[in-house]
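Below is one structure; the comments refer to it alone.
Numbering (this note's numbering), first residue to last: 1002 to 1168.
Structure below.
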């Protein structure tokens, strides 16, 4: 297992970057992102126009702003480094973007820098595991498994897979 944890940026307006996922190949922390509005068009929360969801997949490489590996950063340093790495790749696309709130995966336990722990290390679906995984839709009406381990087209244990299962 490895660390792959998410951070959400709640934005004043939607930020439709691409249809689907974006990967920032040379980002220090191996970032990927997805703008959630495209999947939740009926989402309506006062003051929030969009949600940018990111996975941080490299926790042992130093970021260029903090000079620290992600596992040794505070939550605020993680937020700032991730946003900075996005700015490096998206350039003017983030001009004027207002972040209203942000949320870092609760599975990351602090305090840092003594030793960060991750209560949810990444589960990687293995070859042949499809047959052992349940469908999201159950026989009980109006009950689904909104989880990353069920059978979805996103064949990777991620929050996007769980979102797809819920839909």
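Ideal placement from N, C-alpha and C gives every residue a C-beta, glycine not left out.
- With 16 or more neighbouring CB atoms inside 10 Å of its own CB, residue 1006 falls in the buried class.
- Secondary-structure assignment with DSSP links residue 1019 through no beta bridge to anything.
- Residue 1093 and residue 1152 have their C-alpha atoms spaced approximately 37 angstroms apart.
- Residue 1083 counts as buried, since at least 16 other C-beta atoms from the protein chains shown sit within 10 angstroms of its C-beta.
- One thing to note: residue 1126 has its Cβ no nearer than 9 angstroms to the Cβ of residue 1106.
- Following the DSSP letters along the chain, one finds residue 1012 inside the beta strand (DSSP E) bounded by residues 1006–1012.
- The distance from the Cβ of residue 1086 to that of residue 1029 is about 6 angstroms, consistent with a contact at the 8 angstroms cut-off.
- Between the alpha carbons of residue 1133 and residue 1045 lies a distance of about 36 angstroms.
- Pairing residue 1060 with residue 1032, the inter-Cα distance amounts to about 11 angstroms.
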